[in-house]
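Position 43 of the sequence shown, counting from 1, maps to 43 under UniProt numbering, and the rest follow consecutively. Built from N, CA and C at the ideal position, the CB exists for glycine as well. Input: a single structure, listed below in C-alpha cells.
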Amino acid sequence: MAGILKEFRDFVLRGNVLDLAIAVVIGAAFTTVVNSMVANILTPFIAAIVGQPSFASINFDVGDATIEIGLFLEAVVNFVIVAAVIFFFIIKPVNLLMERRKRGEAPADLPTPEEIQLLREIRDLLKTR
1 MAGILKEFRD FVLRGNVLDL AIAVVIGAAF TTVVNSMVAN ILTPFIAAIV GQPSFASINF
61 DVGDATIEIG LFLEAVVNFV IVAAVIFFFI IKPVNLLMER RKRGEAPADL PTPEEIQLLR
121 EIRDLLKTR
C-alpha cells in the first residue's frame, strides 16, 4: 500500500501535472476577464454602431425554431480575442526569446539604475586612491 501511495505522490508532484493544474486555473480566470471585456465593453460598442442593444437580440425564426446568431457572434468574438491575446502576449514573446536563445543572444538587459551607476563610480574612484 505504501508503494502505491508513493507512486501516486510522485505522479501528482511531477512538474507536468502541477503545470497543467496551474494552467487550468489561470485559464478559467482569464476566460472570466475576456468574457467580461466582450460582454461589457466590446459588445455594447459594436452594438451601438450596428444599432442593436446586444448581439443576443440578433436572431431569426425558421419554422418553429429560433436561430440565435447573436449568441454565436459573441462566442466568435470571445474566441478571436482570446486567440489574439494568447498569440501576441504569450506565443510571440516566447518565440522571440527562444529564437534569441538559439542564436546565443542574451535577452536585452534592463538599464542600470542611476544609483547603481553612481555607486560603481564611487567604488572605482576609491580603488584608484
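query                                                                                                                                                                    : result
Drop a sphere of 10 angstroms on the beta-carbon of V80, count the other beta-carbons inside from all chains shown, and report buried for 16 or more, exposed for fewer. : exposed
Tell me, please, which residues DSSP counts as bridged to F60.                                                                                                           : I67
Hey, how far is the Cα of L42 from the Cα of A83?                                                                                                                        : 16 angstroms
Indicate whether E74 and F55 have their beta-carbon atoms separated by less than 7 angstroms.                                                                            : yes
If V38 and V77 are in contact, beta carbons under 8 angstroms, what's the gap, nearest whole angstrom?                                                                   : 5 angstroms
Tell me the DSSP secondary structure of P44 in three-state form.                                                                                                         : helix
Just reading off the alpha helix (DSSP H) that S112 is part of, what are its end residues?                                                                               : Note on residue identity: the sequence assigns Thr, not Ser, to residue 112. T112 -> no alpha helix (DSSP H), and no H or E assigned at all.
By how many angstroms is the C-alpha of V24 removed from the C-alpha of F11?                                                                                             : 18 angstroms
Determine the extent of the alpha helix (DSSP H) in which R129 is found, giving its start and end residues.                                                              : First-last for R129: undefined, no H or E at that position.
Below 8 angstroms on the Cβ atoms is my contact criterion, and I expect G70 with I86 to pass it. Report the Cβ-Cβ distance as a whole number of Å.                       : 25 angstroms between Cβ atoms; not a contact.
So the alpha helix (DSSP H) R103 belongs to, where does it begin and stop?                                                                                               : 92-103
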